[in-house]
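Report on the structure given below.
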Amino acid sequence: MMQATTTLDTSGLLCPLPVYKAAMALNGLTAGEVLELTTTDPGALEDIPAL
Numbered sequence: 010m011m012q013a014t015t016t017l018d019t020s021g022l023l024c025p026l027p028v029y030k031a032a033m034a035l036n037g038l039t040a041g042e043v044l045e046l047t048t049t050d051p052g053a054l055e056d057i058p059a060l
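So in our numbering, the last one in the sequence shown is 60, and the numbering has no gaps at all.
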């Protein structure tokens, strides 16, 4: 398992906020960095991989 370099907790937020915040966080990463995302939004299981 890869070690996260950045963490983002979107627990309690509903779509589209978790996806938006994840996209913004991913844009701030450089190659090789890993984002760890925590969310309670069930739609994120489909939406996040589509980024």
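Even glycine gets a Cβ: it sits at the ideal position worked out from N, Cα and C.
Short of 8 Å in beta carbon distance, which residues of its chain neighbour residue i, apart from the five on each side in sequence? Order them along the chain.
| i | result |
| --- | --- |
| threonine 15 | Ala34, Gly37, Leu38, Glu42, Val43, Leu44 and Glu45 |
| glycine 21 | Thr49 |
| alanine 32 | Leu60 |
Mind checking residue i: buried by the 16 CB within 10 Å criterion, or exposed?
| i | result |
| --- | --- |
| proline 27 | buried |
| isoleucine 59 | Note that residue 59 is alanine in the sequence shown here, rather than isoleucine. It counts as exposed. |
| alanine 40 | exposed |
Am I right that residue i and residue j are in contact with their C-beta atoms under 8 Å? What's the rounded C-beta distance?
| i | j | result |
| --- | --- | --- |
| lysine 30 | threonine 19 | 5 Å |
Enumerate in chain order the residues of its own chain whose CB-to-CB distance from residue i is below 6 Å, with the five nearest sequence positions on each side excluded.
| i | result |
| --- | --- |
| alanine 13 | Val43 and Glu45 |
Please go through the same chain and pick out, in chain order, the residues whose beta-carbon is closer than 7 Å to the beta-carbon of residue i, but skip the five residues on each side of it.
| i | result |
| --- | --- |
| aspartate 56 | Cys24 and Val28 |
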